[in-house]
Amino acid sequence: MKKAALFILGFFLLPLIIACEDETASADIEEETIGVFLQNTGSSDLVIREVVVTFCYETGGCVESNVSNFSLPANAGSPLELGIADAGQVPIGAIVTFQAVTGQGAIEIQQGLPLTVGDFETIEILKFSEFQSGEFVTVTYGETNS
């Protein structure tokens with residue numbers, strides 16, 4: 004009888020122990036963040052200047068960075084990263100401003116996982132905004148009044 008009781012107790016406790024192990028393993032997974040990416044959507048080279056990317060965080064307010072000027076060829080194939088929110092903080096919004104000098108393109112603000120330096124796994128496109136040559140562009144996403 005004692006063996007049967009121990010077996011039944013072990014049978015019910017084993018799934019609970021396994022569930023606790025899975026929970027601690029998932030804590031090691033990288034936190035999702037947001038990133039800003041530039042795409043060339045036209046048939047000529049894309050040039051933008053005076054790029055400023057600002058990320059707003061749950062704590063600590065907004066942090067602005069002057070990213071500089073960018074050129075992206077017509078056949079670039081993949082988006083160019085303009086900025087990724089700081090690791091260890093919870094991003095709640097982003098602002099991107101620049102002047103489109105030549106070409107046409109799009110800004111994507113994406114939610115995803117920062118895998119390694121220069122590598123970002125997109126989970127969802129949060130904002131997509133197209134622009135063309137000569138425009139002064141401001142793209143905002145989320146809470147940016149911090």
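For the working numbering, count along the sequence shown from 1 and bump the result up by 3.
Glycine included, every Cβ here is placed at the ideal spot set by N, Cα and C.
Helix, strand or coil at residue i according to DSSP, with G and I counted as helix
i      : result
Thr141 : strand
Asp122 : strand
Val70  : strand
Pro94  : strand
Thr147 : coil
Gly63  : coil
Gly80  : coil
Exposure of residue i, with buried meaning 16 or more beta-carbon neighbours within 10 Å
i     : result
Pro94 : buried
Pro76 : exposed
Leu85 : buried
Ala90 : exposed
Asn43 : buried
Asp31 : Caution applies to Asp31, whose pLDDT of 42 falls short of 50 and renders its modelled position unreliable; the model cannot decide the point.
Gly38 : buried
Leu41 : buried
Bridge partners - residue i, DSSP secondary structure assignment
i      : result
Pro117 : Phe123
Asn43  : Gly108
Leu85  : Answer by DSSP bridge pairing: none, since Leu85 is not bridged.
Ala103 : Ile51
Gln135 : Gln107
Cβ distance (whole Å) where residue i is taken to contact residue j below 8 Å
i      : j      : result
Phe139 : Ala109 : Incorrect: roughly 16 Å between the Cβ atoms, too far for contact.
Gly106 : Val50  : 6 Å
Gln92  : Gly115 : 15 Å between Cβ atoms; not a contact.
Ile112 : Ala88  : Going by Cβ atoms, the distance from Ile112 to Ala88 rounds to 10 Å, so no, they are not a contact pair.
Check your understanding: Are at least three pairs of beta-carbons, each pair with one atom in the region 119-128 and one in the region 45-58, less than 8 Å apart?
Key -> no
Meets three-Cβ-pair contact criterion under 8 Å: the region 127-143 and the region 61-71
no
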